[in-house]
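My numbering numbers the first residue of the sequence shown as 4 and each following residue consecutively.
Note sheet for the following structure.
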Amino acid sequence: MKDPRDIIKRPVITERTSDLMALKKYVFEVDIRSNKTEIKSAIEQI
4 MKDPRDIIKR PVITERTSDL MALKKYVFEV DIRSNKTEIK SAIEQI
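Below, the structure written as structure tokens:
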């Protein structure tokens, strides 16, 4: 399993994502080679 910091690169901060944060939704830039389950577990670990 990959390190969570290798999967999740950085948060995406824009005007639109700032509005989504108020709804408790967050947007991240992730490694393109990662699949959905790896991304989910990386988010849960962080």
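Virtual Cβ for every residue (Gly too), placed ideally from N, Cα, C.
All of these numbers come straight from a predicted model, not from anything done at the bench.
Inter-residue Cα distance where the pair is residue i and residue j
| i | j | result |
| --- | --- | --- |
| residue 8 | residue 45 | 8 Å |
| residue 1 | residue 30 | An answer regarding residue 1 cannot be provided, because it is not within the stretch 4 to 49 covered by the chain. |
| residue 18 | residue 5 | 31 Å |
Backbone secondary structure at residue i - three-state DSSP
| i | result |
| --- | --- |
| residue 35 | coil |
| residue 10 | helix |
| residue 26 | coil |
| residue 42 | helix |
Nearest residue (CA-CA) to residue i, options the options
| i | options | result |
| --- | --- | --- |
| residue 12 | 18, 25 and 32 | 32 |
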